[in-house]
Amino acid sequence: MRFQIRPGMHEKDDKGEQHPPFGDWQLYSHQQAAIEQILAGKNTIVSSGTGSGKTESFFIPILNHCLQNPGAGIKALILYYFYSASPN
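Just so you know, we're using my numbering here: the sequence shown kicks off at 0 and counts up by one.
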């Protein structure tokens, strides 16, 4: 899947000039499905196990939006529920 990002970014990726951790990174099927829905403007719910990449499902479209809309100003507001299972 290729996202609509700034011109030249894919060329850098093709030349291996992007940040190394992203060079061979593959999305899980639930991430790809969620990202496609979000980029299509649809409300989306992702439900999967702990550590399965739910955060990336919404954060990748946010980063994509920020890259497409450079400049000053608020691009996104993330309200993130933090649950700690530890008895502190």
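Even glycine gets a Cβ: it sits at the ideal position worked out from N, Cα and C.
- In the three-state DSSP reduction, S28 falls in the helix class (H, G or I).
- The continuous alpha helix (DSSP H) containing I59 extends over residues 53 to 67.
- A residue is called buried when at least 16 other Cβ atoms come within 10 angstroms of its Cβ; I34 meets this threshold and is buried.
- When the alpha-carbon of H64 is set against those of E55, S56, A71, A75, the nearest one is in A75.
- Cβ atoms of Q31 and G52 stay farther apart than 8 angstroms, at about 10 angstroms.
- Here I59 is buried, its C-beta having at least 16 other C-beta atoms within 10 Å.
- Between the C-alpha atoms of L78 and A71 there is a straight-line separation of about 21 angstroms.
- DSSP places A33 in the helix class (H, G or I) of the three-state scheme.
- Taking all protein chains in view, the Cβ of S47 is surrounded by fewer than 16 other Cβ atoms within 10 Å, so the residue is classified as exposed.
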